[in-house]
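Everything on this sheet refers to the single structure shown next.
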Amino acid sequence: MSARTTIIPFRPRPRRAEKVVSNGVLGMILIVFVEIMLFAGFISAFVIVKARAVGSVWPPPNQPRLPFERTAINTTMLIASGIVLLIAHRAYQRGNRSIGLLLMLATLLGGAFVTLQGVEWVALLQEGLTLTSSTYGSLFYTIIGAHAAHAVVAIGLLAWAWLRLMAGTLSREAMSTVSLFWYFVVLVWPFLYFQVYL
Amino acid sequence: MVEPAVDLTHGHPHEDHAHHGPQGIMKYLWSTDHKVIAMQYMFTGMFMALIGGFMAYVFRMQLAFPGMNVPGFGMVSPGEYNALVTNHGTIMIFWVAMPVLLAAFGNYLIPLMVGADDMVFPKVNRLSYQIFFLSTVVILASLVVEGGGFAGAWTAYPPLSADETYNLTPLGSTLWLVGVGLEFVAFLLGGINFITTLMNSRAPGMRAFDVPIVVWMIVVASILFMLSVGPLLAGAIMLLFDQTIGTGFFNPATGGDPILWQHLFWFFGHPEVYVVLLPAMGVVIEIITTFARKKVFAYRTVIFTVVAIGVLSFFVWAHHQFIAGIDPRMANIFTITTLLISVPMAELCFVYIATLYRGSITLSTPMLWALAFVAEFLIGGVTGIFLGAAGADVYFHDTYFVLAHFHYTFFPIAIIGTFAAFTYWFPKMFGKMMDERLGKWHFWLTIIPFNMIFIPLFVLGMGGQHRRIYNYEHFPELAIPWFQDMRQLATYSLLIMLGAQFIFFYNCFKSWRSGARASRNPWKANSLEWTTESPPPHGNWHPDDMPVVYRGPYEYSVPDREDDYWPQNEPALKGGPGE
Chain U
3 MSARTTIIPF
13 RPRPRRAEKV
23 VSNGVLGMIL
33 IVFVEIMLFA
43 GFISAFVIVK
53 ARAVGSVWPP
63 PNQPRLPFER
73 TAINTTMLIA
83 SGIVLLIAHR
93 AYQRGNRSIG
103 LLLMLATLLG
113 GAFVTLQGVE
123 WVALLQEGLT
133 LTSSTYGSLF
143 YTIIGAHAAH
153 AVVAIGLLAW
163 AWLRLMAGTL
173 SREAMSTVSL
183 FWYFVVLVWP
193 FLYFQVYL
Chain V
7 MVEPAVDLTH
17 GHPHEDHAHH
27 GPQGIMKYLW
37 STDHKVIAMQ
47 YMFTGMFMAL
57 IGGFMAYVFR
67 MQLAFPGMNV
77 PGFGMVSPGE
87 YNALVTNHGT
97 IMIFWVAMPV
107 LLAAFGNYLI
117 PLMVGADDMV
127 FPKVNRLSYQ
137 IFFLSTVVIL
147 ASLVVEGGGF
157 AGAWTAYPPL
167 SADETYNLTP
177 LGSTLWLVGV
187 GLEFVAFLLG
197 GINFITTLMN
207 SRAPGMRAFD
217 VPIVVWMIVV
227 ASILFMLSVG
237 PLLAGAIMLL
247 FDQTIGTGFF
257 NPATGGDPIL
267 WQHLFWFFGH
277 PEVYVVLLPA
287 MGVVIEIITT
297 FARKKVFAYR
307 TVIFTVVAIG
317 VLSFFVWAHH
327 QFIAGIDPRM
337 ANIFTITTLL
347 ISVPMAELCF
357 VYIATLYRGS
367 ITLSTPMLWA
377 LAFVAEFLIG
387 GVTGIFLGAA
397 GADVYFHDTY
407 FVLAHFHYTF
417 FPIAIIGTFA
427 AFTYWFPKMF
437 GKMMDERLGK
447 WHFWLTIIPF
457 NMIFIPLFVL
467 GMGGQHRRIY
477 NYEHFPELAI
487 PWFQDMRQLA
497 TYSLLIMLGA
507 QFIFFYNCFK
517 SWRSGARASR
527 NPWKANSLEW
537 TTESPPPHGN
547 WHPDDMPVVY
557 RGPYEYSVPD
567 REDDYWPQNE
577 PALKGGPGE
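Residue numbers (my numbering), protein chains in the order written: chain U, 3 to 200; chain V, 7 to 585.
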């Protein structure tokens, strides 16, 4: 019996380990992974349908072109909003609580992005690009619409964070969680922009 | 998506440490306790299993006795037959296997096994069940709306699923799609909880390799689910637009691509197999190690193997599409990856056998289920090799061979795995011991008819019988009398198997009412859930007495120890064994 004695290392009474990532941030990271895969699905659908286009003509000949240049203004505003939020977020992490103005600026820039998108959609609809006019239109409105829906939710979260900040009850974890979602919305946009608009 | 994100920051369990939720009936309807939510998932899943089983009864009666007036249903029209088959598949996978194995046992076991008082986001957890409940209502409603339930197979291939002039169920197919989509959202919220709880709420001292394998498996399954479901949700949105708005994503006439849906679906659909398989495999290994009184063979290898399965499972999906018109060179690649993934699967089976080897085996009811899982799943796995090889699949595709193979994998997973887990943790869940004699009757009267249902279907498949046929008498060259006898044999066996389930329900009820009182640790197992009361109180342990972990969960039959088990939370004595 003693020849088979296994040695199990003795452990002193353990203490609770430090969390590597806080709960909210980890949960949001998981949500962002799902969202990345969602948009990956949309993008792959776009690539496949584009590759199958009749005579490799894309966009389809009778459909309006997307305003690549005008949307560049939009894109700049969205990215600027992301940078502003990054500054605010980092300041908040260091304990600087007077980020109300920055947070509001980021939210407003995000709101302006969505508003300009809406204006652009109205113009495109009048030019004859609709959800059912072609697969081009279907993909455009589905993919960009999905992004816009995410942006609206994220702006709501930013506004909520701003209200909490004003009330003085915004935890750092909550700030990080909300910021993470906005970074996702900002960072996924260039991929969609260059893929769909070009 | 607003609410969960808000909840993520709110729902920290330690903020409201008082642990006094709603009282009375609201305690069960509006609770954030992971155990109550687990029961909600479990009972919803079992209810749906009855519906799915009833559907199987109706269409198997139609197959065995075509044109018969099925008792309890009536005449089965071709459209109804297709709707029954479709919704049997959908319900059994998405409303039985997933909620019971992943959601119910994940919810019940993870906090208890890692020594946490609840999930990390209890409110998200409650929201998860509420959305799931809503999805259940939607899928059940889809069966009774005008035009009948969706009848385009559970894979919902367009154009049949996209165009109502083909499927003739405009409302049913849309509700079906919405129901499935809602259900995925519910499990996404659940998965966030599972992963975060394992990462952040482990008991002090519980290292990565002290976590019971079933928890690892459920969490890996959740990760697989979360990484694979995005493309399917994208596809589902596009399919919904095709159905309702009239876009043409999957319509070749407008430049769409029907194969695109198949890729998006199977990119999710194949990892989904492992999403439900892994929790069942984890359950089985917990039971085998407990009733063999032996340490799990090669714990770390199991964990790495599971991760390997998870990674590989993302690269096998197109083996479902060998005859869908994909490039044969691509078929070669997917044949290779499919054969590759059988290597880690075989490894797990060897681990089970090696754990049993020279163990001190007790053939209790949970152990019988666990052993049956290994044996039956092996048959399912081996027949999968034939289907995974593109050459053989050309012949076997869409025959009963596929159907029998599928059921030899999913029945062990969803039914045998669930019964194994349920009988094993029943004392913990309800504080009563189950009746062993009834349990064994139920076991044998389920396992033997199960094989008698599906072995004939293997034979039918090898005989070339196509699987999507309503009445074989309409096809003279298929209506071979001998084959019809096989179909009747399968149907009779199904009747016996369904009847045997009443033994189970009677056993549950009887044990719950008047079973012997269960002690804290009736099976003398090591993991943390056995260190608290049966059933565990709200908060799982007394707040001042949360468990602390000193060793891995599988220290059975340690030499020089009086007991043949060694709970994870028991400190090693100075000078005693293990110091």
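Beta carbons: idealized from backbone N, C-alpha and C, even for Gly.
Where the alpha helix (DSSP H) containing residue i begins and where it ends
i: Met223 (chain V); result: 219 to 250
i: Pro350 (chain V); result: 334 to 362
i: Ile45 (chain U); result: 25 to 53
i: Asn173 (chain V); result: 170 to 173
i: Phe271 (chain V); result: 264 to 297
i: Leu88 (chain U); result: 70 to 95
i: Glu175 (chain U); result: 174 to 194
i: Gly558 (chain V); result: Neither: Gly558 (chain V) is in no alpha helix (DSSP H) and is coded neither H nor E.
i: Lys21 (chain U); result: First-last for Lys21 (chain U): undefined, no H or E at that position.
i: Met61 (chain V); result: 40 to 70
i: Lys33 (chain V); result: 32 to 35
i: Phe256 (chain V); result: Phe256 (chain V) -> no alpha helix (DSSP H), and no H or E assigned at all.
i: Glu189 (chain V); result: 176 to 206
Euclidean distance between Cα positions of residue i and residue j
i: Pro10 (chain V); j: Thr175 (chain V); result: At Pro10 (chain V), the pLDDT of 39 sits below 50, so the modelled position is not reliable and the matter cannot be decided from this model.
i: Arg15 (chain U); j: Gly121 (chain V); result: 15 Å
i: Gln490 (chain V); j: Ala70 (chain V); result: 7 Å
i: Phe44 (chain U); j: Gly139 (chain U); result: 14 Å
i: Ala381 (chain V); j: Thr538 (chain V); result: 33 Å
i: Leu238 (chain V); j: Phe273 (chain V); result: 7 Å
i: Leu127 (chain U); j: Asn64 (chain U); result: 14 Å
i: Gly390 (chain V); j: His411 (chain V); result: 6 Å
i: Thr307 (chain V); j: Phe356 (chain V); result: 11 Å
i: Pro19 (chain V); j: Glu71 (chain U); result: In this predicted model, Pro19 (chain V) has a pLDDT of only 42, less than 50, meaning its place in the structure is not dependable; the value taken from the coordinates is given anyway. The alpha-carbon atoms of Pro19 (chain V) and Glu71 (chain U) are separated by roughly 49 Å.
i: Ile359 (chain V); j: Phe432 (chain V); result: 25 Å
i: Arg473 (chain V); j: Met52 (chain V); result: 27 Å
i: Phe193 (chain U); j: Val187 (chain U); result: 11 Å
i: Ala242 (chain V); j: Phe190 (chain V); result: 11 Å
i: Thr415 (chain V); j: Ala114 (chain U); result: 53 Å
i: Leu28 (chain U); j: Trp536 (chain V); result: 29 Å
i: Phe247 (chain V); j: Gly158 (chain V); result: 17 Å
i: Gly84 (chain U); j: Trp184 (chain U); result: 7 Å
i: Thr137 (chain U); j: Ile293 (chain V); result: 53 Å
i: Phe417 (chain V); j: Pro462 (chain V); result: 16 Å
i: Val217 (chain V); j: Gly558 (chain V); result: 7 Å
i: Ala166 (chain U); j: Phe127 (chain V); result: This sequence places Arg at residue 166 (chain U); Ala is not what is there. Roughly 20 Å between the two C-alpha positions.
i: Ala304 (chain V); j: His276 (chain V); result: 27 Å
i: Lys21 (chain U); j: Gly59 (chain V); result: 45 Å
i: Ala24 (chain V); j: Ile332 (chain V); result: Because Ala24 (chain V) carries a pLDDT of 45, less than 50, the predicted location of this residue cannot be relied on, and the following value inherits that uncertainty. Near 59 Å, if we compare the C-alpha coordinates of Ile332 (chain V) and Ala24 (chain V).
i: Ile33 (chain U); j: Ile201 (chain V); result: 12 Å
i: Thr429 (chain V); j: Leu504 (chain V); result: 18 Å
i: Ser24 (chain U); j: Tyr94 (chain U); result: 16 Å
i: Ser517 (chain V); j: Met440 (chain V); result: 5 Å
Identity of the residues DSSP links to residue i by a beta bridge
i: Thr405 (chain V); result: V:His472
i: Lys438 (chain V); result: V:Arg523
i: Gly80 (chain V); result: V:Val76
Supposed contact pair residue j and residue i - C-beta distance, whole angstroms, cut 8 Å
i: Ile43 (chain V); j: Ser37 (chain V); result: 7 Å
i: Ala227 (chain V); j: Leu118 (chain V); result: With a Cβ gap of about 18 Å, Ala227 (chain V) and Leu118 (chain V) do not count as contacting.
i: Ala506 (chain V); j: Leu451 (chain V); result: 4 Å
i: Thr1 (chain U); j: Met30 (chain U); result: Residue 1 (chain U) lies beyond the stretch modelled for chain U, which goes from 3 to 200, so this question has no answer here.
i: Val313 (chain V); j: Leu230 (chain V); result: That pair is no contact at about 10 Å.
i: Pro285 (chain V); j: Met435 (chain V); result: Going by Cβ atoms, the distance from Pro285 (chain V) to Met435 (chain V) rounds to 16 Å, so no, they are not a contact pair.
i: Ala103 (chain V); j: Ala420 (chain V); result: 4 Å
i: His40 (chain V); j: Met98 (chain V); result: Contact flag wrong, Cβ pair sits at about 25 Å.
i: Pro350 (chain V); j: Ile315 (chain V); result: 5 Å
i: Pro66 (chain U); j: Glu122 (chain U); result: Going by Cβ atoms, the distance from Pro66 (chain U) to Glu122 (chain U) rounds to 11 Å, so no, they are not a contact pair.
i: Phe392 (chain V); j: Phe383 (chain V); result: Not really, about 16 Å apart at Cβ, beyond 8 Å.
Contact test: residue i Cβ vs the ligand FMN heavy atom, cutoff 7 Å
i: Arg99 (chain U); result: Looking at this structure, you won't find the ligand FMN or any other ligand, since it has none at all.
So within the region 478 to 503 of chain V, which uninterrupted alpha helix (DSSP H) runs reach at least 4 residues, ignoring any that extend past its ends?
none
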